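2 protein chains.
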Amino acid sequence: MSIASIYEPIQEGLGMVEEKLKDFARVDFPWIVEPLTYVLESSGKRIRPGLTLLAGRFYRYDLETLIPMATAIELFHNATLVHDDAVDKALLRRGKTAVNSLWGEGIAVLLGDYLFSISADLVCSIGNFRVMSLFAKTLTEISSGQLRETFNAYSWRQDREGYYEQIYSKTASLFAAATGTGAVLSEAPEEAVAALTSYGSNLGMAFQVVDDVLDVIGDEGEMGKPVGSDLLQGTLTLPIILLVEQHPQDNVLGELPEKPGDQVEVARVIEMVRNSPVVDECYQIAGGFLSQACGALEGLPDNVSRRSLLDLADYVIERRK
Amino acid sequence: MSIASIYEPIQEGLGMVEEKLKDFARVDFPWIVEPLTYVLESSGKRIRPGLTLLAGRFYRYDLETLIPMATAIELFHNATLVHDDAVDKALLRRGKTAVNSLWGEGIAVLLGDYLFSISADLVCSIGNFRVMSLFAKTLTEISSGQLRETFNAYSWRQDREGYYEQIYSKTASLFAAATGTGAVLSEAPEEAVAALTSYGSNLGMAFQVVDDVLDVIGDEGEMGKPVGSDLLQGTLTLPIILLVEQHPQDNVLGELPEKPGDQVEVARVIEMVRNSPVVDECYQIAGGFLSQACGALEGLPDNVSRRSLLDLADYVIERRK
Chain A
198 MSIASIYEPI QEGLGMVEEK LKDFARVDFP WIVEPLTYVL ESSGKRIRPG
248 LTLLAGRFYR YDLETLIPMA TAIELFHNAT LVHDDAVDKA LLRRGKTAVN
298 SLWGEGIAVL LGDYLFSISA DLVCSIGNFR VMSLFAKTLT EISSGQLRET
348 FNAYSWRQDR EGYYEQIYSK TASLFAAATG TGAVLSEAPE EAVAALTSYG
398 SNLGMAFQVV DDVLDVIGDE GEMGKPVGSD LLQGTLTLPI ILLVEQHPQD
448 NVLGELPEKP GDQVEVARVI EMVRNSPVVD ECYQIAGGFL SQACGALEGL
498 PDNVSRRSLL DLADYVIERR K
Chain B
198 MSIASIYEPI QEGLGMVEEK LKDFARVDFP WIVEPLTYVL ESSGKRIRPG
248 LTLLAGRFYR YDLETLIPMA TAIELFHNAT LVHDDAVDKA LLRRGKTAVN
298 SLWGEGIAVL LGDYLFSISA DLVCSIGNFR VMSLFAKTLT EISSGQLRET
348 FNAYSWRQDR EGYYEQIYSK TASLFAAATG TGAVLSEAPE EAVAALTSYG
398 SNLGMAFQVV DDVLDVIGDE GEMGKPVGSD LLQGTLTLPI ILLVEQHPQD
448 NVLGELPEKP GDQVEVARVI EMVRNSPVVD ECYQIAGGFL SQACGALEGL
498 PDNVSRRSLL DLADYVIERR K
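Residue numbers (my numbering), protein chains in the order written: chain A, 198 to 518; chain B, 198 to 518.
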């Protein structure tokens, strides 16, 4: 199932989001235009704004409020990517040179702040307290999670529970905010808001698990970033945690570096994962989250949006980049 | 006039802001507590929350809304300081080691994001659209101004107008938001909101002009940062712009560096400023902004808050750090 056909019911809306993103890059400040255009045109899969629109299409599909909301979610997502790359001193993002590599870390920090601020302004403009508060709380969740990940980097001690908390903070919380705000703005009944929020949260968990597996088994060319980059940056992910669980007696992680550097040890651990049943197990776990996501939709009207959300679950587990 | 006596009418309120800031440092996430406490207890002069409370004391002095607003303004201000220091790779802040120097730039970026997010959440909790929107627009103003400053660093071409725009973005806009939100939340009449916003904006302009003069003539020990740090970071400020204006035929700026480095040339320019009438002229300009600030208060009730705001204007021009 292609992402284009999944987005079919919200094609017009997504086009409007794309236009609005372009408008933001056409600001009066020449010093911002270039990096802003660079970031906003590095078109990712637009999954988060897609979720807001699909979740908002079950009841009152009001593009007046849903377009700014979906756009704000995407702007905010890009802000976090730009800052994460600055923090990680990443070279690449989506196969292109990262902002921090191109313009320096200082510009990346300030550009991320600018993206945060215009996203907050956009959410304010909608004039709905509940989505505003949900949005602000999601910022806090994400930034506190990123702080934890950075403080814990290279400590190589983390269990599944800690991992799940971590990926909820960094990924699933924004997916949940994307569907939750869409539901609220479309005046969905409370049970539907809860169901769509649960869908978003579980889809986000699965998305991140798959992301972490692809970091180990993916194709560098397709992914646009080096294989093993999580380990290289000191982040312990599910495949590695499962590998350690399966070899309780062995010192599987061996001499993993305590700071950025030793690529040989990282390559050895990546190779162990690739040759173990761990990858299948990760996909089963991702599948479990997706079952919960789809299960949450059961009470909702059976319409094109629901079918797209179900298809999106398949897409998330089948994706290769 | 001491800052303590200026704050006398809002002493209780400022104490509550201080408590609320301490509460934020007592979060459940151990990895945040240390840097958060470090930043929030590096007590600055608390001018911005002081402004919100003083501006909010003319009409309905409602601490229920003013305390979270004043706290959010201070949290937000600290977020910008932490990010600015990360961008400038500053060693010191208020005489203490800067967050980026102590924990690294990555932590500084994420801690700043966290401070932004809790300030936004706090403003949301007040439940007033106008202050929320004012707050979000101020974020955009500040971050766009900081981007401009960073893009223009080391270019050594800026006139007074550009400088005024720049310091409005980076300093005066937040002062204006501090007094403006205080006025709005106290249900001040529209003319009073405009007057207090104008006071805040002009006070902020004067504050930054004095800051930029102190960067040239100040005492390193009192200031807690090296003299000439603006020039060293590639930022052209009013004293230097006036020096260039007064020597239209000479190449006053000589061989100022195009990137961080040459301290000898910077020391030469600083010495020229110190031995010229430029410093007095800067104080006259700051005085002009303060006259406008105080003039804006003329139509307001003559009470202890107004007297404190007038005294604050004197304090701003007399301060030595």
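Don't be surprised by glycine CBs; every beta carbon is placed ideally from N, CA and C.
In this text the structure is predicted, and so the values were computed from the model without any measurement.
How would you write the range of the alpha helix (DSSP H) that residue i sits in, first residue to last?
i, result
"tyrosine 360 of chain A", "357-364"
"alanine 283 of chain A", "260-285"
"threonine 347 of chain B", "326-348"
"threonine 376 of chain A", "370-382"
"phenylalanine 313 of chain A", "302-323"
"serine 395 of chain B", "387-414"
"lysine 219 of chain B", "208-222"
"phenylalanine 486 of chain B", "475-493"
"proline 232 of chain B", "227-238"
"glycine 292 of chain B", "That residue, glycine 292 of chain B, is in no alpha helix (DSSP H); it is neither H nor E in DSSP."
Report the rounded CA-to-CA distance for residue i versus residue j, giving the unit in angstroms.
i, j, result
"valine 463 of chain A", "glycine 210 of chain B", "54 Å"
"glycine 241 of chain B", "phenylalanine 404 of chain B", "14 Å"
"glycine 309 of chain B", "asparagine 500 of chain A", "43 Å"
"aspartate 511 of chain A", "glycine 485 of chain A", "12 Å"
"leucine 400 of chain B", "isoleucine 270 of chain A", "36 Å"
"isoleucine 364 of chain B", "serine 199 of chain A", "50 Å"
"glutamate 515 of chain A", "glycine 496 of chain A", "26 Å"
"leucine 237 of chain B", "alanine 222 of chain B", "7 Å"
"isoleucine 315 of chain B", "arginine 291 of chain B", "23 Å"
"leucine 272 of chain A", "phenylalanine 255 of chain B", "39 Å"
"arginine 504 of chain A", "leucine 248 of chain A", "13 Å"
"glycine 303 of chain A", "proline 232 of chain B", "20 Å"
"leucine 530 of chain A", "leucine 250 of chain A", "Here chain A comprises residues numbered 198 to 518, so residue 530 of chain A is not present and cannot be evaluated."
"glutamate 216 of chain B", "aspartate 508 of chain B", "26 Å"
"valine 284 of chain B", "proline 474 of chain B", "33 Å"
"proline 436 of chain B", "alanine 350 of chain B", "16 Å"
"proline 498 of chain A", "alanine 373 of chain A", "19 Å"
"alanine 380 of chain A", "phenylalanine 326 of chain A", "14 Å"
"tyrosine 204 of chain B", "valine 476 of chain B", "29 Å"
By the 10 Å Cβ neighbour count, where 16 or more other Cβ atoms means buried, how is residue i classified, buried or exposed?
i, result
"glutamine 481 of chain B", "exposed"
"isoleucine 358 of chain A", "The residue you asked about is not isoleucine; residue 358 of chain A is glutamate in the sequence shown. Glutamate 358 of chain A is exposed by the Cβ-count criterion."
"phenylalanine 226 of chain A", "exposed"
"histidine 444 of chain A", "exposed"
"serine 202 of chain A", "exposed"
"arginine 517 of chain B", "exposed"
"proline 386 of chain B", "exposed"
"valine 230 of chain A", "exposed"
"proline 206 of chain A", "buried"
"asparagine 275 of chain A", "buried"
"serine 488 of chain B", "exposed"
"glutamine 446 of chain B", "exposed"
"arginine 257 of chain A", "exposed"
"glutamine 355 of chain A", "buried"
Cβ closer than 9 Å: which chain D residues qualify as neighbours of residue i?
i, result
"isoleucine 304 of chain B", "As a matter of chain content, chain D is missing from the structure shown, whose protein chains are A and B."
Here's a check: name, in chain order, each residue in its chain whose Cβ is nearer than 7 Å to the Cβ of residue i, leaving out the five neighbours to either side.
i, result
"glutamate 338 of chain A", "Ser366 and Ser370"
"aspartate 259 of chain A", "Leu382 and Ser383"
"valine 279 of chain B", "Val236, Val296, Ala305, Leu308, Gly309 and Leu312"
"valine 407 of chain B", "Ala483, Val513, Ile514 and Arg516"
"threonine 432 of chain A", "Glu346 and Ala350"
Can you confirm whether residue i, when its beta carbon is compared against all beta carbons of chain A, has any partner nearer than 9 Å?
i, result
"aspartate 310 of chain B", "yes"
"isoleucine 364 of chain B", "no"
"alanine 287 of chain B", "no"
"histidine 280 of chain B", "yes"
"aspartate 318 of chain B", "yes"
"valine 224 of chain B", "yes"
"serine 341 of chain B", "yes"
Near residue i, which residues of its chain fall below 6 Å by C-beta distance, leaving aside the five closest residues on each side in sequence?
i, result
"alanine 287 of chain B", "Ala295"
"threonine 262 of chain B", "Ile323 and Leu382"
"alanine 490 of chain B", "Tyr396, Asn399, Leu400 and Ala510"
"tryptophan 300 of chain A", "Pro232"
Within the 9 Å Cβ cut-off, does residue i reach chain B?
i, result
"lysine 217 of chain A", "no"
"aspartate 220 of chain A", "no"
"valine 413 of chain A", "no"
"alanine 333 of chain A", "yes"
"phenylalanine 372 of chain A", "no"
"isoleucine 264 of chain A", "no"
"tryptophan 353 of chain A", "no"
Residues in the same chain with beta-carbon distance under 8 Å from residue i, minus the five sequence neighbours each way, listed in chain order, please.
i, result
"valine 320 of chain A", "Pro265, Met266, Ala269, Val328, Met329 and Phe332"
"arginine 345 of chain A", "Gln363 and Ser366"
"glycine 451 of chain B", "Glu462, Arg465 and Val466"
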